[in-house]
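Engineer: Before anything else, here's the structure in question.
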Amino acid sequence: MNVQVPQFLRSDATDMAGLGTSPIPAEPYYRPEFFELEREAIFRRTWLQIGHVSELPRPGTFIVRPVEVANASVLLTRGRDGAIRAFHNVCTHRGTQLVSEAEGARTSFTCPYHAWTFGNDGELRAAPDAERFYVDTADCALKKIAVDVCAGLIFINLAPSPKESLREFLGEMAEQLEALPVAKATTFSEYVYDIDANWKLTYDNFQENYHLRVVHPDTSGAGIGPDNPFGYPLSFGFFGPHRSQTIWLNPAATVEPIQGMAYGKLAEFAVGEGLGGLPANPAYLALFPNFFMLGSIGTPFSHTVMPISATRSRGVIRFYWVGDDDSASKRFAREYSTAAGVDIHSEDRAIIEAGQQGLNSGALKHIHFQEQEVLLRHFFQTVMDHVDAYRATLSDPS
Amino acid sequence: MSGADQRLPPGFEALDPYVDTWALETADQRAKQRLVTPEAERTAFYEAAKPLLTKALGFLDGKPIGQFDEREARLMDLMLSLAHVSLAVEVQRANEAKHAQGAKHITIVRSAAAAP
């Protein structure tokens, strides 16, 4: 469903997308009890973006990624058959964490405790003095995690039997993701941050433009302008648990000298990388629960907010690029774009923490979303739907 | 300075005073150097390097990145530092000091890969 907002005028669509206009309860943004519900209701049973195929460029490569909210460490491998597999990074003997490196190239993994050795297909290949065990080695494979790929993005689902496939989960979003640079990307730049803030509060900041002119007075760039002082989007879209917006850009924005040079080069390179057909007004795609992506030529970044506790999270931002830095100009332009992203996101991080400090006091029973914060409302409602459905399973023993 | 003492390719000697501070190998080092360098020093580097940016990239584009010698790699790193510093000078301007407080909490862990 797409909702077009009359351009930069107050919309009559105050009840946009049937989401109501009520205040939003504040406790879900800081109460540990609610976070525990989210951990089970959402993160242990929803498809989560965990990596990109370029991190497993050839058979025998592997990566290890933490998923703190599930107390999990995930081992992702690419096998000789080219398939990507995901396992709990846990030796099946006595539970020791198997692999300590974050990435590498190795086709077998030996536990540092008693030297059980597993193949990158998860099978137990050897265990010292195996005949003294009361279990077959065939039954001791690493514990599999459901994994699938869309648009080059690797997703996992920690449920033993996910209720839907990744494609079913993504719905219409799959096709939109596949049109973005990330689908063709072969490499990326990455920066990370830790933040004392709830994952939803953190994520919400990036779903609305209402804050741009206040928090980013210098770095908003073409995101705001006299015609659209708040930088409100051209349209919103709602796709099951996911959502989108079409970003407005000011065609008359002031461009600084080196800024103009860097983004000009990125536009030139994009044509050669097969990305020239991207729309001038980029798509912002938000996948439930904690991932969003901006599909612009100059700033083709994804942002994943990993929950750690009710009031602590970790952000991972990646700028996805097609092809290596094969020239000095390309390296310069990509570094500029990444550094400009750091500027904006560091401003966001500071204000989000200030928001969390206020909420932690318990002074507010409710917070308020305006019409142009409708993506936040949709997100909150989706979280509540998942939590309510999970609560229902707790109270219904059948 | 000439010959073996020269730290940058010919034509870029004017940037030699900035090598020690700004010819840094990783993107995170470059980002953090921007944050801790006083405004006057930052601006001096920007003013010296900006007029040479187009020339430097044009010169370096003539060779694959993986084949840069030490002087060329140094010049590349200086231009990459200029990318960071230009954000302070051109974009953040008077707000750079405030910006630096928040930006120190962000870590660049990976730059895009270089072709061999």
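Residue numbers (the working numbering), protein chains in the order written: chain A, 1 to 398; chain B, 1001 to 1116. Ideal Cβ placement from N, Cα and C applies to all residues, glycine included. Since the model is a prediction, treat every value here as computed from it, not as a measurement.
By Cβ distance, which residues of its chain are closer than 7 Å to G225/A, with the 5 residues on each side in sequence left out?
Structural biologist: To locate residue 225/A, count along the first sequence from 1; it is residue 225. Excluding residues within five positions, the ones whose Cβ falls inside 7 Å are N250, A252, A253.
Engineer: Alpha carbon to alpha carbon, how far is P282/A from Q356/A?
Structural biologist: Translated into positions along the first sequence, residue 282/A becomes position 282. Translated into positions along the first sequence, residue 356/A becomes position 356. One C-alpha to the other measures close to 30 Å.
Engineer: Is it buried or exposed, E164/A, if we count other Cβ atoms within 10 angstroms and call 16 or more buried?
Structural biologist: On the first sequence, residue 164/A is found 164 positions in, with the first residue counted as 1. In this structure E164/A is exposed. Its beta-carbon is surrounded by fewer than 16 other beta-carbon atoms within 10 angstroms.
Engineer: Three Cβ pairs or more, each shorter than 8 Å: is that satisfied between the segment 305 to 313 of chain A and the segment 1050 to 1057 of chain B?
Structural biologist: no
Engineer: Tell me, please, whether the CB atom of S161/A is closer than 7 Å to any CB atom in chain B?
Structural biologist: In the first sequence, residue 161/A corresponds to position 161, counting from 1. No, because no Cβ of chain B sits closer than 7 Å to the Cβ of S161/A.
Engineer: Could you tell me whether the Cβ atoms of T299/A and S337/A are closer together than 7 Å?
Structural biologist: As a working mapping, residue 299/A is identified with position 299 in the first sequence. As a working mapping, residue 337/A is identified with position 337 in the first sequence. Closer than 7 Å, so yes.
Engineer: Show which residues of chain B have a CB atom less than 7 Å away from the CB atom of E335/A.
Structural biologist: Translated into positions along the first sequence, residue 335/A becomes position 335. Neighbours of E335/A on chain B, chain order: A1027, L1080, A1083, S1111.
Engineer: From the DSSP output, read off the bridge partner residues of M293/A.
Structural biologist: Counting from one through the first sequence, the residue named residue 293/A turns up at place 293. L285/A, S302/A.
Engineer: Mind the definition here: the segment 207 to 218 of chain A touches the segment 325 to 336 of chain A only if three or more C-beta pairs lie below 8 Å; say whether that holds.
Structural biologist: no
Engineer: Could you tell me the distance, in whole angstroms, from the CA atom of E36/A to the CA atom of A70/A?
Structural biologist: Translated into the one-based positions of the first sequence, residue 36/A becomes position 36. Translated into the one-based positions of the first sequence, residue 70/A becomes position 70. Taken atom to atom, the span from the alpha-carbon of E36/A to that of A70/A is near 10 Å.
Engineer: Assign S22/A to one of three DSSP states: helix, strand, or coil.
Structural biologist: Along the first sequence, read from residue 1 onward, the residue named residue 22/A stands at position 22. Three-state result, S22/A: coil.
Engineer: Hey, out of R58/A, S54/A, G82/A, E103/A, whose CA is closest to S73/A's CA?
Structural biologist: Position 73 of the first sequence, counting from 1, holds the residue named residue 73/A. Comparing Cα-Cα distances from S73/A to each of R58/A, S54/A, G82/A, E103/A, the minimum goes to E103/A.
Engineer: Short of 7 Å Cβ to Cβ, which residues in the segment 1020 to 1046 of chain B face chain A?
Structural biologist: A1027, A1031
Engineer: Does A350/A come within less than 7 Å of chain B when only Cβ atoms are used?
Structural biologist: Numbered from its first residue, the first sequence carries residue 350/A at position 350. True, the Cβ-Cβ gap to chain B drops below 7 Å.
Engineer: By DSSP's criteria, T117/A is part of a beta bridge. Which residues make up the other side?
Structural biologist: Here residue 117/A refers to the residue found at position 117 of the first sequence. DSSP output for T117/A lists T110/A, A126/A as bridge partner(s).
Engineer: Taking 6 Å as the limit between beta carbons, can you name the residues of its chain near I351/A, skipping five residues before and five after?
Structural biologist: Indexing the first sequence from 1 puts residue 351/A at position 351. Taken in chain order, the residues that qualify are V215.
Engineer: So, L177/A versus A197/A, is the Cβ gap smaller than 7 Å?
Structural biologist: Translated into the one-based positions of the first sequence, residue 177/A becomes position 177. Translated into the one-based positions of the first sequence, residue 197/A becomes position 197. Contact flag unset, no.
Engineer: Is the beta carbon of H386/A less than 7 Å from the beta carbon of R243/A?
Structural biologist: Taking the first sequence and counting its residues from 1, the one referred to as residue 386/A is at position 386. Taking the first sequence and counting its residues from 1, the one referred to as residue 243/A is at position 243. No. Outside cutoff.
Engineer: Should D1061/B be flagged as near chain A, meaning a C-beta pair shorter than 7 Å?
Structural biologist: Position 61 of the second sequence, counted from the start, is the residue given in the question as residue 1061/B. Under the Cβ distance rule, D1061/B counts among the residues neighbouring chain A, one pair being separated by less than 7 Å.
Engineer: Could you tell me whether the Cβ atoms of D348/A and N120/A are closer together than 7 Å?
Structural biologist: Here residue 348/A is taken as the residue at index 348 of the first sequence, counted from 1. Here residue 120/A is taken as the residue at index 120 of the first sequence, counted from 1. No; because the gap between Cβ atoms is not below 7 Å, this pair is not in contact.
Engineer: On the three-state DSSP scale, how would you describe H378/A?
Structural biologist: Numbered from its first residue, the first sequence carries residue 378/A at position 378. DSSP places H378/A in the helix class (H, G or I) of the three-state scheme.
Engineer: Taking V149/A as the reference, which of T246/A, F169/A, H366/A has the closest Cα?
Structural biologist: Within the first sequence, numbered from 1, the residue matching residue 149/A stands at position 149. Out of T246/A, F169/A, H366/A, F169/A has the C-alpha closest to the C-alpha of V149/A.
Engineer: From Q381/A, G240/A, G362/A, pick the residue whose C-alpha is nearest to that of L287/A; which is it?
Structural biologist: Mapped onto the first sequence, residue 287/A falls at position 287. Per the Cα distances, G240/A.
Engineer: So which residues on chain C does S329/A lean against when the C-beta distance must stay under 9 Å?
Structural biologist: In the displayed structure, chain C is absent; the protein chains listed are A and B.
Engineer: Could you tell me the distance, in whole angstroms, from the CA atom of R39/A to the CA atom of Y390/A?
Structural biologist: Position 39 of the first sequence, counted from the start, is the residue given in the question as residue 39/A. Position 390 of the first sequence, counted from the start, is the residue given in the question as residue 390/A. Spanning the two alpha carbons is a distance of roughly 11 Å.
Engineer: Could you give the residue range of the beta strand (DSSP E) that holds S1081/B?
Structural biologist: Against the second sequence, residue 1081/B aligns to sequence position 81. No beta strand (DSSP E) holds S1081/B; the alpha helix (DSSP H) holding it covers 1070 to 1086.
Engineer: List the residues of chain B whose Cβ lies closer than 7 Å to the Cβ of W321/A, in chain order.
Structural biologist: By 1-based counting over the first sequence, the position of residue 321/A is 321. The answer, in chain order, is A1112.
Engineer: So the candidates are H88/A, A183/A, R65/A; which of them puts its Cα closest to the Cα of G295/A?
Structural biologist: Indexing the first sequence from 1 puts residue 295/A at position 295. Ranking the options by Cα distance to G295/A, first place goes to A183/A.
Engineer: Relative to the C-alpha of T1037/B, which residue among V1091/B, I1065/B, S1081/B, E1070/B is closest?
Structural biologist: The count along the second sequence starts at 1 and reaches residue 1037/B at position 37. The shortest C-alpha separation from T1037/B is found at S1081/B.
Engineer: Taking 7 Å as the threshold (beta carbon to beta carbon), is Q1067/B in contact with chain A?
Structural biologist: Position 67 of the second sequence, counting from 1, holds the residue named residue 1067/B. No - not a single Cβ of chain A is within 7 Å of the one on Q1067/B.
Engineer: State the Cα-Cα distance for the pair V64/A and G277/A, rounded to the nearest angstrom.
Structural biologist: In the first sequence, the residue the question calls residue 64/A occupies position 64. In the first sequence, the residue the question calls residue 277/A occupies position 277. Spanning the two alpha carbons is a distance of roughly 35 Å.
Engineer: Per DSSP, what kind of secondary structure is S73/A in: helix, strand or coil?
Structural biologist: Taking the first residue of the first sequence as position 1, residue 73/A is located at position 73. Residue state, collapsed to three classes: strand.
Engineer: What's the gap between the Cα of L76/A and the Cα of F87/A?
Structural biologist: Stepping through the first sequence from its first residue, residue 76/A is reached at position 76. Stepping through the first sequence from its first residue, residue 87/A is reached at position 87. Distance between the alpha carbons of L76/A and F87/A is about 6 Å.
Engineer: At a cut of 8 Å, does the segment 1097 to 1114 of chain B reach the segment 263 to 270 of chain A through at least three beta carbon pairs?
Structural biologist: No, they do not touch.
Engineer: Mapping DSSP to helix, strand and coil, what is D194/A?
Structural biologist: Residue 194/A sits at position 194 when you count from the first residue of the first sequence. The answer is strand: DSSP assigns D194/A an E or B state.
Engineer: So, for C91/A: in the same chain, excluding its five sequence neighbours on each side, which residues have a beta-carbon less than 6 Å away from its beta-carbon?
Structural biologist: Translated into the one-based positions of the first sequence, residue 91/A becomes position 91. Closer than 6 Å at Cβ, skipping near neighbours: L98, C111, W116.
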